[in-house]
Amino acid sequence: MTPEQLAAIRAHLEGTAELARVDRAIEDGTYGTCARCGEELDGEQLVARPLLGLCPDCLGGLAAEQGGRRFGICGVRPRR
Ligand SMILES: [Zn+2]
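Mapping the sequence shown onto my numbering, position 39 (from 1) lands on 1123, and the numbers just tick up by one.
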């Protein structure tokens, strides 16, 4: 993920509660990596879906396992 992509992601979330969650994950160093396998996520994909917390492989697998429940961003537990 490039600094430009990160800036685009933060701009996209400006004014939303999610920005704080993303900022926390960035500080923790967990943003932009898959919460399940640790693989680095594609920057372009994150710009399109900033709250993506899993790589496409894990996302597909987990969505199937858990009936398509929504996931939180990396390192942040999904809200109930
Ligand atoms: Zn993964």
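For each residue, glycine too, the CB sits at the ideal point set by N, CA and C.
Nothing here was measured: the structure is a model prediction, and the numbers come from that model.
To the nearest angstrom, report how far apart residue i and residue j are at their CA atoms.
i	j	result
residue 1122	residue 1137	10 Å
residue 1109	residue 1134	12 Å
Using a Cβ-based criterion (distance less than 8 Å to any ligand heavy atom), does residue i qualify as near ligand 1?
i	result
residue 1122	yes
residue 1112	no
residue 1138	yes
Given that a residue counts as buried once 16 or more other Cβ atoms are within 10 Å of its Cβ, and exposed if not, what is residue i?
i	result
residue 1116	buried
residue 1140	exposed
residue 1104	exposed
residue 1101	exposed
residue 1119	buried
Touch test, the stretch 1087-1103 against the stretch 1127-1136, Cβ-Cβ under 8 Å, three pairs minimum: yes
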